[in-house]
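Colleague: As given, the protein sequences belong to chains A and B, one line each in that order.
Going by our numbering, the first sequence opens with residue 125, and the numbers climb by one from there.
Going by our numbering, the second sequence opens with residue 11, and the numbers climb by one from there.
We put the beta carbon where it would ideally sit given N, CA and C, even for glycine.
Following this message is one structure expressed as structure tokens.
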Amino acid sequence: VPDGAEWRAALTRMRGDKKRHRVAVYEALAYREDRRYDSIARLVRDVGISDETFSKHFGERAKVRLMSGSSLAVALAETKDWTWWPYQDGLDDAEAGVRIRPYTSLQATVRCLAQWAQDHPGLARQCDGAPPVSAVDRTHRLLRDCGSACGRGEAAELACAAVLAAAAPVRPTALSVLNTLRPRLERLAAPPTRDPDDAERRADIVAALSDFAANVLASGGGETEGELAQVLDRLRLLLAPAR
Amino acid sequence: MTRHPTPAQARVRAHVLGLMQQRGSGERLDVGLLRGVLAAARQALGEDDPVTLEAEFRVLEAEAPLGRTADAAAAFESFYGRCFPLLGASDVLTRSAASQRAQWVRKSGDVDRGIRLYEQELRLREKTFGAGAYRTCVSRSNLAVALRERGTPADVRRSGELLDEDVPLRVAGFGTDHAFTWAARMNQVYLWLHQAERVDMSARTALAEAARDVAQEIAGRRAARLGPRNVSTLRSHRAHARALLLLHEHERAVWLLWKVLTAEHATRRVEAGRTEFYLAAALAGTGRVEDRIAAERMAAKAEALTAERLYPGAPEVRGTRALLDAVRRTEGPLRDAPLLRAVEVA
């Protein structure tokens with residue numbers, strides 16, 4: 125079974141009927157939400173291919189399959205992935221040429237996955253809200269980049285939670301779905317290592333000072349330099365022996 | 011029926027969203043990058059394409075707090091006028107545009123019209139999305155904030171009622187440990203601060219202590235979850251500092267506000283002049299000679315920044331003027347009555 129990137133490369137290389145038939149199936153599953161494709165009979169009729177052709181592309185004898193399972197389940201998983209690609213490309217566009225922390229990128233991926241699920245609600249719900257394989261790959265890679273040791277299964281559960289939360293009756297925005305999942309994201313991405321005794325107080329002070337220094341450095345001088353001088357004056361005043 | 015985006019639309023949508031997330035995580039966002047996406051979307055999808063309009067909305071939203079309020083009001087007025095016929099009245103982007111229009115109309119001086127627009131928006135969203143829907147809750151708290159800022163006794167009472175309605179709906183829909191619920195609780199904090207700044211000392215302390223505790227708690231949660239330089243984190247630090255001023259804890263307020271100010275420089279300036287205003291007030295209250303000089307400088311800066319951003323005669327502009335005068339006139343630490351007179355106007 126190929127991963128998302130390998131499967132995408134394989135599909136990109138395909139030509140002729142092989143590709144045309146597949147894309148016609150993806151388009152039907154992705155865009156015709158008024159039709160419920162519980163069985164392949166109706167699907168192949170709408171697409172205009174035979175049962176044999178369908179199972180040649182998506183059945184067990186198919187040369188490239190994104191996953192194992194029934195031919196309809198395979199077609200659905202591939203459709204999910206196929207509709208996800210442009211979102212992934214858009215995220216890559218946003219990150220091109222800039223240095224971004226992996227945790228920011230991870231949040232953007234989860235937010236974007238929620239957007240995908242809201243743009244394709246019927247498709248996203250299929251197969252118990254299973255997320256697109258490439259989205260799981262990306263989520264897993266970014267979690268590892270954040271220093272997490274979690275497995276692909278946990279990444280898949282997180283991605284699935286984003287898809288399901290996007291369909292909540294309160295009609296959340298994609299950002300609100302991300303906010304819902306943040307505690308889970310933090311747990312997976314950065315397991316707590318700090319002990320909660322009196323070291324915490326010192327850690328708070330160090331954290332506050334480092335925040336402060338980071339703010340000043342990140343602002344890149346200019347106006348801040350004058351203000352930094354005032355802050356330092358103030359610090360000196362506090363540290364000076366009482367007058 | 012869902013409008014499925016085409017692959018080209020989906021790519022633009024994700025590109026914009028990726029940039030928005032960088033901004034939300036406190037990375038420095040160059041609005042030029044968003045403008046670049048908008049230009050590319052216009053070329054690829056067309057001016058009136060729904061996803062191009064989304065990108066345009068994000069550009070306007072990012073630019074609005076950086077410039078003059080009157081410009082933002084005009085921009086959203088015209089943008090709403092385009093969305094309505096193109097997307098329909100109940101489209102979420104049309105509604106977001108209407109809400110931004112109300113916000114900037116109010117902030118540019120036409121407070122009564124802003125409130126009328128918010129009232130309409132809330133009724134429409136209750137009908138379209140349901141009372142507990144995300145977007146309806148946003149609209150309810152927008153109205154509550156607008157009423158509090160207009161500030162007649164009836165407005166303040168109604169503002170409290172709307173928030174009392176809003177918080178449990180958010181808790182039910184999103185849980186207590188959710189950024190959306192924290193936002194509603196922060197609106198309660200602002201209401202308490204508003205009331206505390208207008209009552210006598212005995213009633214003030216209880217309100218200020220409640221505001222301080224909740225603001226501090228939420229600032230900590232936001233810093234941990236949304237990032238220390240996230241704009242919401244910084245706003246809650248600022249609310250915490252306001253409460254500290256009322257409780258005469260000026261030294262702590264000064265340090266907190268310095269931190270907020272440097273963080274604002276590190277990311278982007280929103281509501282330029284607000285942090286300077288409270289920092290000037292905090293410095294003026296410590297009683298140190300060096301701080302008085304710094305307070306006067308900071309108040310002058312707050313006045314210049316606020317006047318540049320808002321319309322002449324805006325409450326914030328009058329408030330910063332009053333603070334500057336008070337700092338210049340008052341001997342000794344500036345606390346309570348003379349300080350509150352300035353804060354009350356602002």
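With a cut-off of 8 angstroms on the beta carbons, I'd call B/R239 and B/T285 a contact; round off their distance for me.
Modeller: Their Cβ separation, rounded to whole angstroms, is 13 angstroms, which puts B/R239 and B/T285 out of contact at 8 angstroms.
Colleague: Please return the same chain residues whose Cβ sits closer than 7 angstroms to the Cβ of A/P256, not counting the five positions on each side in sequence.
Modeller: The residues are K204, D205, W208.
Colleague: Grouping DSSP H, G and I as helix and E and B as strand, with all else coil, what is B/V209?
Modeller: B/V209: coil per DSSP, three-state reduction.
Colleague: Taking DSSP as the reference, what is the three-state secondary structure of A/M191?
Modeller: Coil.
Colleague: Leaving aside the five residues before and after A/K142 along the sequence, list all residues of the same chain whose C-beta is less than 6 angstroms from its C-beta, in chain order.
Modeller: For A/K142, where only same-chain residues beyond five positions count, there are no Cβ hits under 6 angstroms.
Colleague: To which residues of the same chain is B/L293 closer than 7 angstroms at the C-beta, ignoring the five residues directly before and after it?
Modeller: Contacts found: V264, D301, A304, A305, M308.
Colleague: Within the 8 angstroms Cβ cut-off, does A/T177 reach chain B?
Modeller: For A/T177, the answer is no, since every Cβ of chain B falls outside 8 angstroms of its Cβ.
Colleague: So, does the stretch 115-133 of chain B touch the stretch 145-155 of chain B, judging by three or more C-beta pairs under 8 angstroms?
Modeller: Short answer: they touch.
Colleague: Can you tell me where the alpha helix (DSSP H) holding B/V337 begins and where it ends?
Modeller: Counting along the chain, the alpha helix (DSSP H) containing B/V337 begins and ends at 325-339.
Colleague: If you measure from the beta carbon of B/L145 to each beta carbon in chain A, is any gap under 8 angstroms?
Modeller: According to the sequence as given, residue 145 of chain B is Arg; it is not Leu. For B/R145, the answer is yes, since a Cβ of chain A falls inside 8 angstroms of its Cβ.
Colleague: Would you mind telling me which residues of chain A sit closer than 7 angstroms to B/D59, beta carbon to beta carbon, in chain order?
Modeller: Simply none; closest approach about 15 angstroms.
Colleague: For B/D346, which of helix, strand or coil comes out of DSSP?
Modeller: In this structure, B/D346 counts as helix in the three-state DSSP scheme.
Colleague: Beta-carbon within less than 8 angstroms of B/V155's beta-carbon, same chain only, minus the 5 sequence neighbours each way: which residues are those?
Modeller: Excluding positions up to five away in sequence, the list reads S169, N197, Y200.
Colleague: Where B/A72 and B/V41 are concerned, what is the direct C-alpha to C-alpha distance, given to the nearest angstrom?
Modeller: Taking the straight line from one Cα to the other gives about 7 angstroms.
Colleague: Ordered along the chain, which non-local residues of its own chain (more than five positions away) have a Cβ less than 6 angstroms from that of A/A238?
Modeller: Closer than 6 angstroms at Cβ, skipping near neighbours: A286, A290, A298, V301.
Colleague: Can you list the residues of chain A that B/R252 reaches, using a CB-CB cut of under 7 angstroms?
Modeller: Near B/R252 there are no residues of chain A at all, since even the closest Cβ is about 19 angstroms away, more than 7 angstroms.
Colleague: By the criterion of Cβ-Cβ separation under 7 angstroms, what are the contact partners of A/Q354 in chain B?
Modeller: By Cβ distance, chain B contributes A304.
Colleague: Can you tell me which of B/E136, B/Q31, B/A51, B/E64 puts its alpha carbon nearest to the alpha carbon of A/R225?
Modeller: Cα-wise, what sits closest to A/R225 is B/Q31.
Colleague: Taking all protein chains shown into account, decide if A/R325 is buried (16 or more other Cβ within 10 angstroms of its Cβ) or exposed.
Modeller: Residue placement at A/R325 is flagged as unreliable, the pLDDT there being 49, under the threshold of 50; the coordinate-derived value follows with that caveat. By the neighbour-count rule (16 or more Cβ atoms within 10 Å), A/R325 is not buried but exposed.
Colleague: How do the stretch 213-223 of chain A and the stretch 22-29 of chain B stand: do at least 3 beta-carbon pairs fall below 8 angstroms, yes or no?
Modeller: Contact holds: three or more Cβ-Cβ distances are below 8 angstroms.
Colleague: Mapping the DSSP letters down to three states, classify A/L135 as helix, strand or coil.
Modeller: Residue state, collapsed to three classes: helix.
Colleague: For the alpha helix (DSSP H) containing A/V222, name the first residue and the last one.
Modeller: Note, A/V222: premise wrong, no alpha helix (DSSP H); not H, not E.
Colleague: Take B/A229 and list the residues in its own chain whose beta-carbon comes closer than 7 angstroms to its own, dropping the five residues that flank it on each side.
Modeller: Closer than 7 angstroms at Cβ, skipping near neighbours: T243, S246, H247, H250.
Colleague: Return helix, strand or coil for B/G56, following the three-state DSSP convention.
Modeller: Note: B/G56 maps to coil in three-state DSSP.
Colleague: If we cut at 8 angstroms on Cβ distances, does A/L215 have a partner in chain B?
Modeller: Chain B, which has a Cβ nearer than 8 angstroms to the Cβ of A/L215, makes this yes.
Colleague: Please tell me whether B/V47 and B/Q19 are closer than 8 angstroms, where the distance is taken between their beta carbons.
Modeller: Cβ distance not < 8 angstroms, so B/V47 and B/Q19 don't count as in contact.
Colleague: Under 9 angstroms between beta-carbons, which chain B residues line up against A/I173? List them in chain order, please.
Modeller: Simply none; closest approach about 22 angstroms.
Colleague: If the cut is a Cβ gap below 8 angstroms, which residues of chain A does B/L29 touch?
Modeller: Within chain A, the residues near B/L29 are A218.
Colleague: For B/R351, decide whether its Cβ has a neighbour in chain A, counting only Cβ atoms nearer than 8 angstroms.
Modeller: Not closer than 8 angstroms to any Cβ of chain A, the Cβ of B/R351 fails to qualify, so no.
Colleague: Pick out whichever of B/T340, B/H14, B/A108 has its Cα sitting closest to the Cα of A/E157.
Modeller: With distances taken between Cα atoms, A/E157 lies closest to B/H14.
Colleague: If you check the beta carbons only, do A/Y150 and A/E202 fall under 8 angstroms apart?
Modeller: Against a cut-off of 8 angstroms, the Cβ pair of A/E202 and A/Y150 comes out as a contact.
Colleague: Sort A/E281, A/D170, A/Q212, A/A154 by Cα distance to A/D252 and report the nearest one.
Modeller: Residue A/E281 is the option with its Cα nearest to A/D252.
Colleague: Under 8 angstroms, Cβ to Cβ, is there at least one residue of chain A near B/G142?
Modeller: So, interface residue.
Colleague: Using a C-beta to C-beta distance shorter than 8 angstroms, which residues of chain A count as neighbours of B/R21?
Modeller: The answer, in chain order, is P210, Y211, D213, G214, D217.
Colleague: Measuring CB to CB, does A/S195 end up less than 8 angstroms from A/F178?
Modeller: Yes, the Cβ-Cβ distance between A/S195 and A/F178 is below 8 angstroms.
Colleague: Rounding to the nearest angstrom, what Cα-Cα distance links A/H145 and B/L153 in this structure?
Modeller: Roughly 53 angstroms separates the two Cα atoms.
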